[in-house]
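Chemist: First residue of the sequence shown: 26, per the working numbering; consecutive thereafter. Glycine included, C-beta positions come from ideal geometry on N, C-alpha and C.
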Amino acid sequence: MHIYLDILFLENFIINRFLLSLTAKTVKEKVNSIFLSLASVIGSSYLLFILIGKKTYANNIFFKLLVAFCMVFTTFRKKNIIFKLKTTFIFILYSILLAGICIFMQIANGNGLKSNVAIVNFPYKKLLMAIILLYLVLERIVSFIRDRIVLDKLIYKIDIDLKNSKKSINAFLDTGNELVEPVTNLPVIVVEKDIFQKNEIEDYDTIYIPFSVVNGDGGMLKAIKPEMVSIYKKREIEKKEVLIAFSDKKLSSSGDYRALLSRGIIF
Numbered sequence: 026m027h028i029y030l031d032i033l034f035l036e037n038f039i040i041n042r043f044l045l046s047l048t049a050k051t052v053k054e055k056v057n058s059i060f061l062s063l064a065s066v067i068g069s070s071y072l073l074f075i076l077i078g079k080k081t082y083a084n085n086i087f088f089k090l091l092v093a094f095c096m097v098f099t100t101f102r103k104k105n106i107i108f109k110l111k112t113t114f115i116f117i118l119y120s121i122l123l124a125g126i127c128i129f130m131q132i133a134n135g136n137g138l139k140s141n142v143a144i145v146n147f148p149y150k151k152l153l154m155a156i157i158l159l160y161l162v163l164e165r166i167v168s169f170i171r172d173r174i175v176l177d178k179l180i181y182k183i184d185i186d187l188k189n190s191k192k193s194i195n196a197f198l199d200t201g202n203e204l205v206e207p208v209t210n211l212p213v214i215v216v217e218k219d220i221f222q223k224n225e226i227e228d229y230d231t232i233y234i235p236f237s238v239v240n241g242d243g244g245m246l247k248a249i250k251p252e253m254v255s256i257y258k259k260r261e262i263e264k265k266e267v268l269i270a271f272s273d274k275k276l277s278s279s280g281d282y283r284a285l286l287s288r289g290i291i292f
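#1: With ASN195 as the anchor, note down where its beta strand (DSSP E) starts and where it stops.
#2: Mind listing, in chain order, the continuous alpha helix (DSSP H) runs of no fewer than 4 residues lying wholly within the segment 157 to 233?
#3: When DSSP builds the beta bridges, which residues end up paired with VAL254?
#4: When you compare the segment 104 to 112 with the segment 59 to 67, are there three or more beta-carbon pairs, one atom per stretch, that lie closer than 8 Å?
#5: Assuming LEU187 contacts GLU252 (C-beta within less than 8 Å), just tell me the rounded distance between them.
#6: From which residue to which residue does the beta strand (DSSP E) around GLY280 run?
#7: For TYR29 and VAL66, what's the separation of their Cα atoms in angstroms?
#8: Who are the near neighbours of LYS191 in its chain, counting only those whose CB is closer than 8 Å to its CB and skipping five residues on each side?
#9: Can you pull the DSSP bridge partners for LYS247?
#10: Exposed or buried, which one is MET96 when buried takes at least 16 other CB atoms within 10 Å?
#11: Consult DSSP for SER62 and reduce its assignment to one of helix, strand or coil.
#12: Would you mind reading off the limits of the beta strand (DSSP E) that contains LEU33?
#13: Since SER272 sits in a beta bridge, which residues does DSSP pair it with?
#14: What's the C-alpha gap between VAL238 and ARG165?
#15: Alpha carbon to alpha carbon, what distance is there between ALA93 and SER278?
#16: Below 8 Å on the Cβ atoms is my contact criterion, and I expect ALA196 with ILE234 to pass it. Report the Cβ-Cβ distance as a whole number of Å.
#17: With respect to the alpha helix (DSSP H) encompassing LYS55, which residues constitute its N-terminal and C-terminal limits?
#18: Which residues in the same chain have their Cβ closer than 7 Å to the Cβ of TYR119, if we skip the five residues on either side of it in sequence?
#19: Which whole-angstrom value is the C-beta distance of ILE249 and ILE232, which I expect to be below 8 Å?
#20: Ends of the alpha helix (DSSP H) at VAL238?
#21: Candidates LEU72, PHE98, ILE157 and GLU217: which alpha carbon is nearest LEU123's?
#22: Compare the C-beta of LYS104 with all C-beta atoms of chain D and state if any pair is closer than 9 Å.
#23: Following the continuous alpha helix (DSSP H) through LYS89, name the residue where it begins and the one where it ends.
#24: Can you tell which of PHE88, ILE126 and THR51 has its C-alpha closest to the C-alpha of ILE115?
#25: Strictly by DSSP, which residues pair up with ILE124?
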């Protein structure tokens, strides 16, 4: 029997990714796709190491547990050791369950099992792979749609009225943002600076607003006080007296919004 290592690697990669995704769903943790794929590569490489290297020590139970832990450690990077051990146990349970399904399919097809034989080809293999691929694709689609629904609920259209112009942009409600100007206590909207022309804001006095973030970093934001800001809610347009602070960086990698609203502006 011929075994194509590239196909075996790809199939094992898909299965590992499926099992890790299922594990992440079980422990209710969002994971980075890059780390998820890297962990799947580790698992697939381990399989090739056993087949090509023919290292008997690599096939014992302790080595397998170590590889499983490394895969979980790579996927769930920011959690404590107890969480990783529990998650490794869940991942191994799912692996055993999937292996049991494969063995059941093999026996149900009338083929017996011999000791020390790995199941590489069996009648329902393509069906099982198709189901796993379908799950992975649908999981990504559902996750994307769910994230879009949440994102859309937090995006507001706003108009920024300046002395001689008006800017209409989308702004994201950052519920953890409580930025205000300490003297006047006016709420602050952070806006990408490049939406303004230089001559549109040069006549305004510059206000410096101190800020800090969760990791302890901080600094000063340059801001101006526009004539008025209008916020479009579902059934009304609310006019607010706020400050506009400038960001030199893009606030949304996808371009869905170009400003950040502080919580005090909406609530």
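Modeler: The structure says:
#1: On the sequence shown, position 170 is the one that residue 195 refers to. DSSP places ASN195 in the uninterrupted beta strand (DSSP E) bounded by 191 to 198.
#2: As far as the segment 157 to 233 is concerned, its whole alpha helix (DSSP H) runs of at least 4 residues are 223 to 226.
#3: Along the sequence shown, read from residue 1 onward, the residue named residue 254 stands at position 229. For VAL254, which the question treats as bridged, DSSP gives the partners ILE185 and LYS265.
#4: Cβ pair count under 8 Å is below three, so no.
#5: If you number the sequence shown from 1, residue 187 lands on position 162. If you number the sequence shown from 1, residue 252 lands on position 227. That pair is a contact at about 6 Å.
#6: For the purposes of this step, residue 280 is taken as the residue at position 255 of the sequence shown. Element bounds for GLY280: n/a, residue is neither H nor E.
#7: Numbered from 1 along the sequence shown, position 4 holds the residue referred to as residue 29. Numbered from 1 along the sequence shown, position 41 holds the residue referred to as residue 66. Whole-angstrom Cα-Cα distance: 17 Å.
#8: Sequence index remark: in the sequence shown, residue 191 carries index 166 (1-based). Excluding five sequence positions before and after LYS191, the CB atoms of its chain that fall closer than 8 Å to its own CB belong to ASP184 and ILE185, given in chain order.
#9: Here residue 247 refers to the residue found at position 222 of the sequence shown. As computed with DSSP, LYS247 is found in a beta bridge with TYR233.
#10: What you label residue 96 is simply residue 71 of the sequence shown in a count that begins at 1. MET96 is buried by the Cβ-count criterion.
#11: Residue 62 sits at position 37 when you count from the first residue of the sequence shown. It is helical.
#12: Against the sequence shown, residue 33 aligns to sequence position 8. Note, LEU33: premise wrong, no beta strand (DSSP E); alpha helix (DSSP H) at 30 to 51.
#13: Here residue 272 is taken as the residue at index 247 of the sequence shown, counted from 1. Beta-bridge pairing links SER272 to GLU217.
#14: By 1-based counting over the sequence shown, the position of residue 238 is 213. By 1-based counting over the sequence shown, the position of residue 165 is 140. If you draw a straight line from the Cα of VAL238 to the Cα of ARG165, it comes to about 31 Å.
#15: Residue mapping note: residue 278 aligns to position 253 of the sequence shown, counting from 1. Residue mapping note: residue 93 aligns to position 68 of the sequence shown, counting from 1. Each residue's Cα considered, the two are about 34 Å apart.
#16: The residue labelled residue 196 in the question sits at position 171 within the sequence shown. The residue labelled residue 234 in the question sits at position 209 within the sequence shown. Contact flag wrong, Cβ pair sits at about 17 Å.
#17: Mapped onto the sequence shown, residue 55 falls at position 30. For LYS55, there is no enclosing alpha helix (DSSP H), as DSSP gives it neither H nor E.
#18: Residue 119 sits at position 94 when you count from the first residue of the sequence shown. Answer for TYR119: LEU44, LEU47 and THR48, listed in chain order.
#19: Reading the sequence shown from its first residue, position 224 is the one you call residue 249. Reading the sequence shown from its first residue, position 207 is the one you call residue 232. 7 Å between Cβ atoms; contact.
#20: Residue mapping note: residue 238 aligns to position 213 of the sequence shown, counting from 1. No alpha helix (DSSP H) holds VAL238; DSSP gives it neither H nor E.
#21: What you label residue 123 is simply residue 98 of the sequence shown in a count that begins at 1. Checked all of LEU72, PHE98, ILE157 and GLU217; the closest Cα to LEU123 is ILE157.
#22: Checking the listed chains, one finds no chain D in this structure; it contains a single protein chain.
#23: Locating residue 89 in the sequence shown gives position 64, where the first residue counts as 1. LYS89 -> alpha helix (DSSP H) spans 86 to 100.
#24: Taking the first residue of the sequence shown as 1, we reach residue 115 at position 90. Per the C-alpha coordinates, the member of PHE88, ILE126 and THR51 positioned closest to ILE115 is THR51.
#25: Here the question's residue 124 lines up with position 99 in the sequence shown. Per the sequence shown, the amino acid found at residue 124 is Ala instead of Ile. BP columns for ALA124 are empty, so no partner.
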